[in-house]
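Counting from 1, position 169 in the sequence shown corresponds to residue 1246 in my numbering; the numbering is continuous, with no gaps.
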Amino acid sequence: MSLGAVLFDLDGTVVDSAPIVTSLFALTAKEISGKDYEPEELLKYVGPPLPWTMMDLGADEKDVPYYIDYYRSHYNALMLDSPLFDGIDTVIRNLAARVPVAVATSKKESGARLILDRYGLLDTFTAVCGGSEDGLRSDKEQIVGEAIRRIGPVDGEIIMVGDRVYDIEGAAAHGLRAVLVGWGAGTPDEHDMAWRSAATPAELEDILLGV
């Protein structure tokens, strides 16, 4: 089967948000528990849904909305400072000239659109799907499903591109294969679970165009 469409995760796949995100998780963890963390200790939280992250950092379930708001109040002022990974914009544009491309991110959809617009990529994507403002659509399985729906019928296989196991699992729930990129926060074990791994944007493009 030929390539029909590509879904891209955002953080850790298209934009290098880890330095900002981990520093703000350290700030939020201090607010939750009083414990100090170095940002690099919190790399595992780049990718998972925020409610899970807050509880894993020690927040009571009832307090999770407060800490998410606390995190976002700081993040919103900085999110446009996350740079694109070198070369990924070229890959996205090259793929978009052949098949529909979409974003499927756990980030709030409104924030994802602002970031893509910041780098002139918003109109390149057929669809941008993220977490809903009301929080009812937040996990990767839901988001991937919504992205597939928005793309509509395609002639070929839809492939998910991400950097964490959550991307693999969200894709698998809809029968999709996933490529993990080597420039994100994924561990070797996570890469072993993926259909393919790509060390560079150029390799990613070769894998996808070879489907």
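C-beta atoms are modelled at their ideal positions from N, C-alpha and C, and glycine is treated no differently.
Straight-line gap, residue i to residue j (C-alpha atoms, nearest Å)
i	j	result
T1167	G1239	17 Å
P1128	L1286	36 Å
P1142	M1078	43 Å
M1131	A1181	21 Å
V1091	G1111	33 Å
P1116	F1102	7 Å
S1183	V1258	17 Å
Within 8 Å, strictly: CB atoms of residue i and residue j
i	j	result
G1124	A1276	no
V1256	S1274	yes
A1095	L1120	yes
C1206	E1186	yes
I1169	L1198	yes
F1202	D1093	no
Under the three-state DSSP convention, the category residue i falls into
i	result
E1108	helix
R1254	strand
S1187	helix
A1271	coil
L1198	coil
D1088	strand
G1081	strand
Exposed unless 16 or more other CB atoms sit within 10 angstroms - verdict on residue i
i	result
G1208	buried
D1086	buried
A1279	exposed
E1293	Beyond the ends of the chain as shown, which are 1078 and 1288, falls residue 1293; an answer cannot be given.
R1241	buried
Touching or not, the stretch 1189 to 1206 and the stretch 1152 to 1161, by the rule of three or more beta carbon pairs under 8 Å? yes
For the stretch 1169 to 1184 and the stretch 1078 to 1095, state whether three or more C-beta atom pairs, one from each stretch, are separated by less than 8 Å. yes
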